[in-house]
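First up is the structure itself, then whatever we jot down about it.
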Amino acid sequence: MTQTFSSTGRDTFVGRPHSRVDGPAKATGLAKYAGEFNAPDLSHGYVVSSAIAKGRIVAIDTAAAEAVPGVIRVFTHENRPRTAWLDYNYQDAVAPPGSPFRPLYDDTIAYSGQPVALVVAEDFDTARHAATLVRVDYEAEAPETDPSKLLDLAYDPPKKRSGIKPPPKPWGDASAAYDAAPIKLREEYRLAVEHHNPMEPHASTVVYEGDGTYTVYDKIQGVSNSQGYLTGVFGLKKDDVRVMNPYLGGGFGAGLRPQYQLFLAMLAARELKRSVRVVLTRDQMFSFTYRPDALQTVSLGSDRDGALQSLRHDAVGATSRFEDYQEVVVNWSAVLYGCENVALSYKLAQVDTFSPGDMRAPGAVTGVFAIETAMDELAYATGLDPIALRLKNYSESDATAEGKPFGSKALKACFTQGADRFGWDRRNPEPRSMREGKELVGWGMATGVWESMMMQSSARAALTADGRLEVGNSTGDLGTGTYTILTQIAADTLGLTMEDVTTKLGDTRLAEAPVAGGSWTAASSGTAVMKACRNVGEQVFKLARQMEGSPLANVDFERVAFTDGRIEVAGDPGRSVSLVDAMRAAGVESVEATESAGPDTDFNAKYEAYTHSAVFVEVKIDEELGQVRLTRVVSAIAAGKILNPKTARSQIIGGVVMGIGSALEEESMMDHRLGRFMNHNLGEYHVPVSADIHDIDVIFVDEEDKANPLGVKGLGEIGIVGTAAAVANAVYHATGKRIRHLPITIDKILG
Amino acid sequence: MNRFDYVRAGTVAEAVQAFAAGPDARFIAGGTNLVDLMKYDVERPGRLVDITRLPLAEIEEHDGGLRIGALVTNANVAYDARVRERYPLLANAILAGASAQLRNAASTGGNLLQRTRCYYFYDTATPCNKRIPGSGCPAIQGLNRIHAIFGASESCIATHPSDMCVALAALEAVVRVSGPEGERSIAFSDFHRLPGDTPEVDTTLKPGEIVVSVDLPERGFASNFTYLKLRDRLSYAFALVSVAAGFEFDGETVKTARLALGGVAHKPWRNREAEALLQGKPATRETFQAAADLIVAEAKPQSENGFKVELARRAIVRGLEQAAAGTPQSLSDKRIQ
């Protein structure tokens, strides 16, 4: 493994496998989640959800619910307290352009499952019971929830979403080149709507402190976003709202934006002057954001030897009527493949649902499925091996960014090492040519790609005279290992043991950091923690140098190393001072620093940064019955420096499993007549179970990257990207059947 | 979830009495389905009669077969040594369904009485003739990929979700019930009913009757059987199509054939003509195909589940092949034999 991170010239913990530092708390139940915090006199809210998708509430009768002993109040649009007026106040840090949904705002129904009332009672069961007694009369209109019916109305979003790069202008002449190309293919691809379904449902506990302040526990991937939302909507001062969320039971993007249970819990707490908890049910987890449907067409024209002459990727993505949710769907095609004639387009179609939102590798899961399936089709059309075709068209620079070179791109190593581990050279490319008993065997591969990003982030470090270090910031650990890697970085930077370090996250009183998303947390929070620890180290070094007869006197900071709790002259371990002794000698109880880290603008001006992967999949399919078993996956990842191979491997495995779900199982089934997702539970919304998952072999290839001092690129999303295409390509190889509409279920294989 | 009375019964007579005292009483044992339905506000019992203390949790020898008390858990049936040896078809069918946690809680009687998994039945925001008679069936022309291809009606196209019941149908079990008018026995194929124009009625139980036991006759088809289940993921999913098959042979020819399908109708689906067709014939693929063709000839698919007809045809053939060869579908390895 290439060693790029080093504040001291030596990595003790960074780069080595470590179990999660938060593991014991989670395994023993000590870790508390947003819906588990208690407060004296806590009341419980239960949400009543709209039964129709579009129309208005004609009458809402809460009398029967309010008559139930133990019910405190039923909030509806008719009696809700006033909140902020302007859209601006409702726009959270990651909101797309538009007018954010306002719960209980008026009698308008914008989507099925919309909250129409909150029943607050002394206990959860009473609230749930009373909620069934709220009678709502609607005037319903016919909803339109199928974007394929709206293609004529699809539009280029007038306001672009911050951080989402629109498709670049076309170059060359894609149409003419397509017409002239000897090999052509044009196909449509579609992914099913998916819901995130983290294990932990959304929940908010708002603690009414009685002095005008609130302590809020909210299921969110970054507490500062909830705090900003609450201050904007309810006109509260930042100091009066402390938001905490030390742990998440999964997020996958569902926890990026504050959701309606937070609004409702705060609304009720303020009005009732009581603490309120609102927990959503599993079926209500289908009543807000989701991964949108996108209708895609990929057109490829190539020479007979596979060199791309024309590349066109068009997508229409679904959004709501009230916000223009945007993601990067089509650009990936031109990031991955060099071509002289390229046209990319991305439009939106408004459907009568809640706003779609970011779900693990948003846009990339969608677009890369299309291009990587199309490339497999082109491989067959040209008779090239799928890897050879990808190498033939391998991009050395980012055509979507004026041809800037990549900061690093070890994708070729992913192909080589992944293929080697998988045994790709033993593949007979002929479809239906490999068998085992009654099963057809299919081997498929695909490329994955995701942006490598860094966000402005701060972190604080505090070393106390007992030798203990506390570091942290306000970002969230989704269960991915953030606590662990920050502990490793802090311990290495100051030469301590991991046991000496406590990492704190998910509290607005900690140093400010953005939501955890986009795979940017390791780079952003990691660098900030490292810098804060460096600062602390330098302060202690100064104290050590001032000690009487200090062995470090007249030594520059650049010449010292931090190791085993001591500051020593590099290469001369005899000359050293312990951190604790230096602080005690100076009579200092605590040395603290807050540092901020952000993207390297010089680097970004010169380079584009992406993570890459090559995914290899084996499926075995009963020839007569169409049942698919996915028996083997090799995922080779190029993501810069790997801070913790154990948590990193888990991240990739999780992404691969989610990709398998996307390929074979996940589908939120919309009844378009009702405008309602109907399989809104985990019995009928299928995600992979243990029996679906076999060997997943993760390879991290060496890749040196200099976008940030740690050399990391982020791992949260790359594991899922490309996986579905690799599965679909394997299914084709096994059966000769090309399935372009996910999920790949038995009916499609038999059909 | 509504408010309800809760009564715990000590004997079958007490349970029957407590149920009759209503209002809108429901028996509760494992609760693995009823409690979900109560949370969804689909079931709103006025009274729950807890029957978990009734002395019905034993498996006993009975008339050359086994008598399975209504409260024996699904897990205890599946792992009972006598069941595994003499009725492996039943054990396999049970283990093909649900999860270990659910099987540990779910009872034998409750398995028979579980409700359909139709999306619309579970969602009180939508009409459903089974939930609110006369309100309509949105599954017809709606999301009906998982719905019935046999025996459905204009008012309901739901399926019975049980795996265990498919095996019990093939084994020709007998359901012993007790009620205000005393005890009686119901042949398994008469226990569940087709929806007709009263889809709200799932079974032929009379009001207030309680399942006491499920009696297995002597013939267990322990040498030649299979339970083949096809579904959208390899565990913890309801059957798109399942096949319970059992054979007895006389030399090379079929002496007795039993065949029941799951996931395709409002009840475990049997076709006695097809079983008769197999009888006296050699156990060949051609014979099995003839039986399968006979069965699927009367299939009436919905807008989204046409694939089930061909899938059922192929699954029947494979199931009969597995049973004839004595190579039942393995449950641990999901590779189809």
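Chains as they are written, first to last, in the UniProt record's numbering: chain V, 1 to 751; chain A, 1 to 337. Where is the CB? At the ideal position from N, CA and C, for every residue including glycine.
For Ser235(A), the nearest beta carbon of chain V is closer than 7 Å to its own beta carbon.
In this structure, Ile183(V) is the residue among Ala513(V), Ile183(V), Ala462(V) with its C-alpha nearest to the C-alpha of Ala379(V).
Closer than 7 Å to the CB of Ala98(A) there is not a single CB belonging to chain V. Setting aside the 5 residues that flank it on each side, Leu151(V) is surrounded in the same chain by Leu295, Val316, Ala349, each with a C-beta closer than 8 Å to its C-beta; the list follows chain order. Cβ-Cβ distances below 7 Å link His196(V) to Phe252, Gly253, Ala254, Met359 in the same chain, with the five nearest sequence neighbours on each side left out; the list follows chain order. Runs of the alpha helix (DSSP H) lying entirely within the region 519-570 of chain V and spanning at least 4 residues, in chain order: 521-546. Check the Cα spacing between His62(A) and each of Val214(A), Tyr40(A), Ile94(A): the tightest is with Val214(A). Exclusion of the five residues before and after Ala586(V) leaves Leu543 as the residues of its chain whose Cβ lies within less than 6 Å of its Cβ.
Identification of residues in the region 40-51 of chain A having a C-beta nearer than 7 Å to some C-beta of chain V yields Asp41, given in sequence order. As summarised for the region 177-259 of chain V, the continuous beta strand (DSSP E) elements at least 3 residues long and confined to that stretch are 183-190, 203-208, 214-218, 241-244, given in chain order.
Given a length threshold of 4 residues, each whole run of the alpha helix (DSSP H) inside the region 688-742 of chain V is given here in chain order: 723-735. Using a C-beta cut-off of 8 Å, the region 700-710 of chain V makes no contact with the region 653-673 of chain V, since fewer than three inter-stretch Cβ pairs fall below that distance. For Val471(V), there is no enclosing alpha helix (DSSP H); the residue is part of the beta strand (DSSP E) that begins and ends at 469-473. When the beta-carbon positions are compared, Ile94(A) and Asn76(A) stay at least 7 Å from each other. The region 432-510 of chain V is shown to contain whole beta strand (DSSP E) runs of 3 or more residues at 439-451, 457-464, 469-473, 501-505, in chain order. Interface criterion not met: the Cβ of Asp333(A) is under 7 Å from no Cβ in chain V. Thr631(V) is not a Cβ neighbour of Glu623(V), given a cutoff of 7 Å. The shortest C-alpha to C-alpha distance from Gly722(V) to any of Leu248(V), Ala181(V), Asp376(V) is the one to Asp376(V). Counting along the chain, Arg53(A) sits inside no beta strand (DSSP E), nor does DSSP assign it H or E at all.
Contact check for Ala78(A) and Phe225(A): beta-carbon distance about 14 Å, past the 8 Å limit, so the pair fails to qualify. Cβ proximity to chain V below 9 Å picks out Gly142, Leu143, Arg145, Ile146 from the region 142-162 of chain A.
Annotated as proximal: Val515(V) and Leu256(V), with beta-carbon spacing under 7 Å. Closer than 9 Å at the C-beta level to chain V, one finds these residues of the region 293-319 of chain A: Glu304, Asn305, Gly306, Phe307, Lys308, Glu310, Leu311, Arg314, Ala315, Val317, Arg318. Distance from the CA of Ser162(V) to the CA of Thr319(V), rounded to the nearest whole angstrom, comes to 16 Å. In terms of beta-carbon proximity, His129(V) lines the interface with chain A, with at least one pair separated by less than 7 Å. Sequence-distant Cβ neighbours of Gln261(V) in its own chain, meaning closer than 6 Å and more than five residues away, are His202, Ser204, Val278, Leu280. CA-CA distance, Leu331(A) to Asn679(V), rounds to 26 Å.
Secondary structure of Pro24(V) (DSSP, three-state): helix. Rounded to the nearest whole angstrom, the CA to CA distance from Asp218(V) to Val35(A) is 28 Å. Boundaries cannot be given for Phe4(A), as no beta strand (DSSP E) includes it and DSSP labels it neither H nor E. Per DSSP, reduced to three states, the secondary structure at Gln17(A) is helical. Note: Ser99(V) is not bridge-paired with any residue in the DSSP secondary-structure output. In this structure Ala381(V) touches Leu185(V) by the C-beta definition: roughly 6 Å separates them, less than 8 Å.
Residue state for Leu228(A) is assigned as strand, using DSSP reduced to three classes. When secondary structure is reduced to three states using DSSP, Arg632(V) falls in the strand class. According to the DSSP assignment, Thr108(A) belongs to the alpha helix (DSSP H) that extends over 108-113.
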